[in-house]
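S.K.:
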Ligand SMILES: [Cu+2]
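Residue numbers (my numbering): 10 to 342.
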């Protein structure tokens, strides 16, 4: 039940990013707590305003010359005392109620059954997300970036890490926030119950381009997930056309290969995202640009323009070479 019901837009249309549009059991718990807190605080706020209003209207009895006729002093102080006692008791009861609801929500969140979970290790980097999928039934793992795929209805355990500074993993439609701390291992567990695409955003200021550190979580059927997984496990196939072949050569021989891995090529770098299946992702540079040939070209020509301060430098390439590299990247399905 969405009390604040802004939240029923079409999951297929665009990525959802709202704690008020829960797509999993845990986000649901959090939304219920939010609803309860909103109602309680709203009622208290209204009651306080009302009491203030009544007090103000009372003051206006009498005029400038005649003072208001006082009730007998004893009865006034008795009524005042009763009101204070009643208001204090109500505050205590409501606060204890909210604390109880809070603790119960926390316990419900930690009780997600995690048998047969998908395990992913996500590392926050300035300013992108590295993802390493652990071996599953297929006994193999693989690396990708900025876009997670998960099967609907199956629990997901994400091991959270950070290499540089503190980041925070937050996909509002799926769960609350969890910090990613350099040197400290933590996990977040969630389950997505509704197919769709959910947008996440780093929620801890992590440097100048913190706002350009987004990710997508694509929740799909187990079959679709396994198909995606199978595709990610494969190495890049050899390009068939001459331009793409030249692009691969340029990539392998320039500094690109020092920072990026493309399995199936000689590029083995680990400073930047794994590009083996770059074309399977909807965005590049952590949600900053669309994954189109034009945006790719623009990104590679001048990454600093799109994301000032990013670790990726503008690598000087002749216009022809740049086009060849983009052509090759376009084959990385
Ligand atoms: Cu961050």
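Using N, Cα and C, we set each Cβ at its ideal position, and we do this for glycine too.
Three-state secondary structure (DSSP) at residue 61?
M.R.: Three-state DSSP puts residue 61 in a helix.
S.K.: Quick one: what does DSSP say residue 330 is sitting in, helix, strand or coil?
M.R.: Looking at residue 330 - three-state DSSP - the assignment turns out to be helix.
S.K.: Straight-line CA distance for residue 269 to residue 185?
M.R.: Looking at the two C-alpha atoms, the distance is approximately 31 Å.
S.K.: Can you tell me whether DSSP reads residue 177 as helix, strand or coil?
M.R.: Strand at residue 177.
S.K.: With distances taken from each beta carbon to the nearest heavy atom of ligand 1, which residues come in below 5 Å, in chain order?
M.R.: Selection output, chain order preserved: 176, 211, 215, 222.
S.K.: Which runs of the alpha helix (DSSP H), 4 residues or longer, sit entirely within the segment 79-163?
M.R.: The qualifying runs are 82-119.
S.K.: Between which two residues does the alpha helix (DSSP H) harbouring residue 259 extend?
M.R.: That run of the alpha helix (DSSP H) goes 251-262.
S.K.: Which same chain residues, not among the five before or five after residue 142, have their C-beta less than 6 Å away from its C-beta?
M.R.: So the qualifying residues of the chain are 129, 150, 151.
S.K.: Report the CB separation of residue 183 from residue 30 in whole angstroms; it is logged as a contact under 8 Å.
M.R.: That belief does not hold up - the Cβ atoms of residue 183 and residue 30 are roughly 10 Å apart, past 8 Å.
S.K.: Given that a residue counts as buried once 16 or more other Cβ atoms are within 10 Å of its Cβ, and exposed if not, what is residue 112?
M.R.: The residue is exposed, with fewer than 16 neighbouring Cβ atoms inside 10 Å.
S.K.: If we define contact as Cβ-Cβ less than 7 Å, is residue 40 a contact residue for chain D?
M.R.: The structure shown has no chain D; it contains just one protein chain.
S.K.: Buried or exposed: which applies to residue 321, given that a residue is buried once 16 or more other Cβ atoms fall within 10 Å of its Cβ?
M.R.: That one is buried.
S.K.: May I ask you to check if the CB of residue 290 is nearer than 6 Å to at least one heavy atom of ligand 2?
M.R.: Ligand 2 is not among the ligands present in this structure, which contains only ligand 1.
S.K.: How big is the Cα-Cα spacing for residue 308 and residue 135?
M.R.: Cα to Cα, the separation comes out at about 16 Å.
S.K.: Tell me, please, which residues DSSP counts as bridged to residue 234.
M.R.: Paired residue(s): none; residue 234 is not in a bridge.
S.K.: To the nearest angstrom, how far is it from the Cα of residue 42 to the Cα of residue 108?
M.R.: Approximately 10 Å between the Cα atoms of the pair.
S.K.: Let me check understanding here. Comparing Cα to Cα, which of 203, 137, 167 lies closest to residue 173?
M.R.: With distances taken between Cα atoms, residue 173 lies closest to 137.
S.K.: Any contact of the segment 295-305 with the segment 211-228, i.e. 3+ C-beta pairs under 8 Å?
M.R.: Judged by Cβ distances under 8 Å, the segment 295-305 makes contact with the segment 211-228, as three or more pairs qualify.
S.K.: Between residue 64 and residue 48, what straight-line distance do the alpha-carbon atoms span, to the nearest angstrom?
M.R.: About 24 Å.
S.K.: Looking only at its chain, what residues have a beta carbon closer than 8 Å to the beta carbon of residue 266, apart from the 5 residues adjacent to it on each side?
M.R.: Excluding positions up to five away in sequence, the list reads 260, 274, 275, 276, 277, 278.
S.K.: Let me know if residue 193 comes out buried or exposed under the rule of 16 or more other beta-carbons within 10 Å of its beta-carbon.
M.R.: By the 10 Å Cβ count, residue 193 comes out exposed.
S.K.: So the beta strand (DSSP E) residue 210 belongs to, where does it begin and stop?
M.R.: 205-210 is the span of the beta strand (DSSP E), which, as asked, contains residue 210.
S.K.: Are the beta-carbon atoms belonging to residue 164 and residue 116 less than 7 Å from one another?
M.R.: Result no, Cβ atoms of residue 164 and residue 116 do not sit closer than 7 Å.
S.K.: Just verifying my parser: in three-state terms, what is the DSSP assignment at residue 25?
M.R.: Reduced to three states, the DSSP call for residue 25 is strand.
S.K.: How is the alpha helix (DSSP H) around residue 306 delimited, first residue to last?
M.R.: Segment 302-310, the alpha helix (DSSP H) holding residue 306.
S.K.: Since I believe residue 156 is in contact with residue 291 (beta carbons under 8 Å), could you give me their beta-carbon distance rounded to a whole number of angstroms?
M.R.: Confirmed, about 7 Å.
S.K.: Below 8 Å on the Cβ atoms is my contact criterion, and I expect residue 246 with residue 285 to pass it. Report the Cβ-Cβ distance as a whole number of Å.
M.R.: Their Cβ separation, rounded to whole angstroms, is 10 Å, which puts residue 246 and residue 285 out of contact at 8 Å.
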